[in-house]
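In what follows, a single structure is set out as structure tokens and then discussed.
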Amino acid sequence: MSPDRASAQRFLLGHGADTIDHPGGTLLAHLVRVADRLAAWDADDDTVLAGLCHATYGTAGFATALLAVDRRAELVEVIGPAAEAMVYLYAGCDRAATYPLLGGTGPVRMVDRFTGQARSVEPAELRPFMEITVANELDVLDQNADYAGRHLAPLLELFTRARERVSRPAWAAAQLALQPVVISRLDHLVLTVADLDRTVAFYQHALGMTPVVFEDGRHALEFGDSKINLHLAGHEIAPYAERPVAGSADLCLIAATPLARVLEHLDAMDVPILEGPVPRTGARGLMTSVYLRDPDGNLVEISNYGSS
Numbered sequence: 059m060s061p062d063r064a065s066a067q068r069f070l071l072g073h074g075a076d077t078i079d080h081p082g083g084t085l086l087a088h089l090v091r092v093a094d095r096l097a098a099w100d101a102d103d104d105t106v107l108a109g110l111c112h113a114t115y116g117t118a119g120f121a122t123a124l125l126a127v128d129r130r131a132e133l134v135e136v137i138g139p140a141a142e143a144m145v146y147l148y149a150g151c152d153r154a155a156t157y158p159l160l161g162g163t164g165p166v167r168m169v170d171r172f173t174g175q176a177r178s179v180e181p182a183e184l185r186p187f188m189e190i191t192v193a194n195e196l197d198v199l200d201q202n203a204d205y206a207g208r209h210l211a212p213l214l215e216l217f218t219r220a221r222e223r224v225s226r227p228a229w230a231a232a233q234l235a236l237q238p239v240v241i242s243r244l245d246h247l248v249l250t251v252a253d254l255d256r257t258v259a260f261y262q263h264a265l266g267m268t269p270v271v272f273e274d275g276r277h278a279l280e281f282g283d284s285k286i287n288l289h290l291a292g293h294e295i296a297p298y299a300e301r302p303v304a305g306s307a308d309l310c311l312i313a314a315t316p317l318a319r320v321l322e323h324l325d326a327m328d329v330p331i332l333e334g335p336v337p338r339t340g341a342r343g344l345m346t347s348v349y350l351r352d353p354d355g356n357l358v359e360i361s362n363y364g365s366s
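Written out as structure tokens, the structure reads:
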């Protein structure tokens, strides 16, 4: 029979997890909340099971163990070897020795607090370790105001340093919980232009944006979930930037169309390419970009994530 959460929860109940105090109620309640967080972040089944059982052997931050580490086979029987290995890695981590090393994306030398030995842990193992770490710490923060007051800044530093090792949902949840202000996306930007009609025609025909004119005569260009508002140089709409100048912007736009087709279209429109396709790093990782200029001389980068 494949491992499942119901079997794991029966195991935890059988070992008294519902009788052990923990911020927010009992240890069992905490473990269930951690598993629920991981599931909400679309973690795989093994990671969710490991999150549910992550305190089985105790941890560096919670000494009470439900099962001695010399009885690991009993947990393997319930959640399987892959999930149990995640539990042991999390429980055995010497945090003082390991946490400072979690920046970057490569292997990390991790000290096992049960044996005192160290080994190199590969990125594939560190990913679920960090997901469980974030889920666990965020739940404790939610349930313990005193803990939050003492650990908010160190946790933000740790998770920021190790952000490449966690999923986007986990990182977003960490930001929301730990940072005083969280900006989720860019809604619109403003371009100061020398000629409204020329700019609108370029972005409409070369890049497929939709021109919009508001009731008060303001002009904009819509694309996806965003827009570019247009201010005519010398007739800017208050409030505006302190030094609005046509041609001073540098934009990066993500295209749903493959770059090969974008390039074909731009060639047909006689729009010269300054550079590209070239590899770049965007807000969400590696992408491929081409560069051009709009009628005011603004630099416009058109990009695809992944292969183009």
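In case it helps, the working numbering puts the sequence shown at residues 59 to 366. All residues carry an ideal CB built from backbone N, CA and C; glycine is no exception.
- Item | residue 148 classed as buried or exposed, judged by whether at least 16 other C-beta atoms fall within 10 angstroms | Within the sequence shown, numbered from 1, the residue matching residue 148 stands at position 90. Buried, because 16 or more other Cβ atoms sit within 10 Å of the Cβ of residue 148.
- Task: Would you check if the distance between the CB atom of residue 10 and the CB atom of residue 317 is smaller than 9 Å?
- Result: Absent from the model: residue 10. The displayed extent of the chain is 59 to 366, so no value can be given.
- Should residue 217 go down as buried or exposed, given a rule of 16 or more other Cβ atoms within 10 Å for buried? Translated into the one-based positions of the sequence shown, residue 217 becomes position 159. Residue 217 comes out buried.
- Item | residue 146 versus 124, 161, 160 and 158, residue with shortest Cα-Cα distance | Locating residue 146 in the sequence shown gives position 88, where the first residue counts as 1. For the residues 124, 161, 160 and 158, the minimum Cα distance to residue 146 belongs to 124.
- Please report how far the alpha carbon of residue 127 lies from the alpha carbon of residue 138, in whole angstroms. In the sequence shown, residue 127 corresponds to position 69, counting from 1. In the sequence shown, residue 138 corresponds to position 80, counting from 1. Each residue's Cα considered, the two are about 15 Å apart.
- Query: Just curious, the beta strand (DSSP E) that residue 75 is in, first and last residue?
  - Reply: Numbered from its first residue, the sequence shown carries residue 75 at position 17. Per DSSP, residue 75 lies in no beta strand (DSSP E) and is assigned neither H nor E.
- Message: By alpha-carbon positions, which one of 192, 254 and 270 ends up nearest to residue 236?
- Response: Residue 236 sits at position 178 when you count from the first residue of the sequence shown. Closest option to residue 236, Cα to Cα, is 192.
- Which residue from 361, 157 and 358 puts its Cα closest to that of residue 215? Position 157 of the sequence shown, counted from the first residue, corresponds to residue 215. Of the candidates 361, 157 and 358, the residue whose Cα lies closest to the Cα of residue 215 is 157.
- For the putative contact between residue 257 and residue 354, defined by C-beta atoms under 8 Å, what is the C-beta separation to the nearest angstrom? As a first step, residue 257 is located in the sequence shown; it is residue number 199 there, counting from the start. As a first step, residue 354 is located in the sequence shown; it is residue number 296 there, counting from the start. Yes, they are in contact, since the Cβ atoms of residue 257 and residue 354 sit about 7 Å apart, within 8 Å.
- Note down, in chain order, each residue of its chain lying with its Cβ closer than 7 Å to the Cβ of residue 64, except the 5 sequence neighbours on either side. Indexing the sequence shown from 1 puts residue 64 at position 6. Excluding sequence neighbours, residue 64 sits near nothing in its chain.
- Task: Spell out the partners DSSP gives residue 83 in its beta bridges.
- Result: Here residue 83 refers to the residue found at position 25 of the sequence shown. The partner list for residue 83 (beta bridge, DSSP) reads 80.
- Query: Can you tell me whether DSSP reads residue 177 as helix, strand or coil?
  - Reply: Position 119 of the sequence shown, counted from the first residue, corresponds to residue 177. In the three-state reduction of the DSSP assignment, residue 177 falls in the strand class.
- Message: I'd like to know whether the C-beta atoms of residue 249 and residue 295 end up nearer to each other than 9 Å.
- Response: The residue labelled residue 249 in the question sits at position 191 within the sequence shown. The residue labelled residue 295 in the question sits at position 237 within the sequence shown. One thing to note: residue 249 has its Cβ no nearer than 9 Å to the Cβ of residue 295.
- Query: Whole alpha helix (DSSP H) runs in the stretch 198-264 with 4 or more residues, listed along the chain?
  - Reply: Positions of the alpha helix (DSSP H) runs, each at least 4 residues long and wholly inside the stretch 198-264, are given as 203-219, 226-236 and 254-263 in order along the chain.
- Residue from 115, 97 and 120 with nearest C-alpha to residue 133: On the sequence shown, position 75 is the one that residue 133 refers to. When each option's Cα is compared against that of residue 133, the closest is 115.
- Query: Nearest to residue 277 by alpha carbon, out of 263, 251 and 264?
  - Reply: Numbered from its first residue, the sequence shown carries residue 277 at position 219. The shortest Cα separation from residue 277 among 263, 251 and 264 belongs to 251.
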